[in-house]
Amino acid sequence: MLKGNILNVFTGDIYPAEIIIQDGIIKIVRKIQGNFDGILLPGFIDSHTHIESSLMTPSSFAEATIPHGTTAVISDPHEIANVMGIEGIEFMIEDSKRVPLKFFFTAPSCVPATEFETAGAKIGLEEIKALLKRDEIVALGEMMNFPAVISEEPEAIEKIKVAKRACKPIDGHAPLLSGDELCKYVEKGISTDHECVYAEEAREKKELGMKIMIREGSSAKNLRELASVGGNFLVSDDMEPGDLIGGHMDRILRKAVEYGMDEVEAVQMVTINPAD
68 MLKGNILNVF TGDIYPAEII IQDGIIKIVR KIQGNFDGIL LPGFIDSHTH
118 IESSLMTPSS FAEATIPHGT TAVISDPHEI ANVMGIEGIE FMIEDSKRVP
168 LKFFFTAPSC VPATEFETAG AKIGLEEIKA LLKRDEIVAL GEMMNFPAVI
218 SEEPEAIEKI KVAKRACKPI DGHAPLLSGD ELCKYVEKGI STDHECVYAE
268 EAREKKELGM KIMIREGSSA KNLRELASVG GNFLVSDDME PGDLIGGHMD
318 RILRKAVEYG MDEVEAVQMV TINPAD
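For the sequence shown, counting from 1, position 168 maps to 235 in the numbering used here; every step adds exactly one.
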């Protein structure tokens, strides 16, 4: 049993409560009277990352992030897929089962990213179909080749259709895309974007119904610029080992509050929002 002030991420309320846990599952949350220091929060979820950027296996990544409150991640393994193809994805999935951190994966949609690249493998339509049938694969990974989507190249459009038939969402990748081209991209059913750099860019995408992932990782740091606009999720995208020493989603959460985001909304962006 735990007792303390809890932040209810469903309602946004903070109140003292006791939490009864059985077999690793929260069974009862009961309001009580009492004065407690601090606030109990749910585990954090990183809803868009590439574990390979950490130079770690999933199991080692878990060792680095669980102490910082991370309990789940959604990873797009397109980096290892570009080298090893399906074999690399299989390795990531199997290694992730060794640890208590919950790993969910997306099917890499652009391997290679474009036809102009030379990669170690290619993941085509048939491979995408097979991946999306798996429970470990929860979405179609970011559609980086947005020109192919906008120009309705058959293979790109068919991959999107396969994801829709599997009832799995489609992650976006639309840096600086705007106007009619953005409308065409969203029209295809792509629901998220983590590439926003400017506030106005994020606002336009929000107006079209896209769910905005605000990045604050090792390479892209967009939180300061986008804090005033807000979004649906806080994500790391790419985290290098040196940065993980200083924290993971907990670090991003602290920065969000530092940059002026509402504390409760920020917590919801790394808990209930990605869980939904």
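Every residue gets a Cβ at the ideal spot worked out from N, C-alpha and C, and that includes glycine.
In this structure, the CA atom of D329 is about 17 Å from the CA atom of G105.
Under the 10 Å beta carbon count, P175 is surrounded by 16 or more other beta carbons and is classified as buried.
With 16 or more other Cβ atoms from the protein chains shown falling within 10 Å of its own Cβ, Q335 counts as buried. Between the segment 300 to 315 and the segment 75 to 83, the count of Cβ pairs shorter than 8 Å is below three; the stretches do not touch.
Per DSSP, the unbroken beta strand (DSSP E) holding R282 starts and ends at 278 to 282. Pairing A148 with I141 gives a Cβ-Cβ distance that is not under 8 Å.
In this structure the segment 310 to 328 lies against the segment 126 to 140, because at least three pairs of beta carbons, one per stretch, are closer than 8 Å. Put simply, of G208, A233, A230 the residue whose alpha carbon is nearest the alpha carbon of A241 is G208.
G71 is bridged by DSSP to A84. Under the DSSP assignment, R201 falls outside any beta strand (DSSP E); it carries neither an H nor an E label. By the neighbour-count criterion, in which a residue is buried when 16 or more other Cβ atoms sit within 10 angstroms of its Cβ, A230 is buried. For A230, the enclosing alpha helix (DSSP H) starts and ends at 221 to 232.
Runs of the beta strand (DSSP E) spanning 3 or more residues and lying entirely within the segment 96 to 166 occur at 111 to 116, 137 to 142, in chain order.
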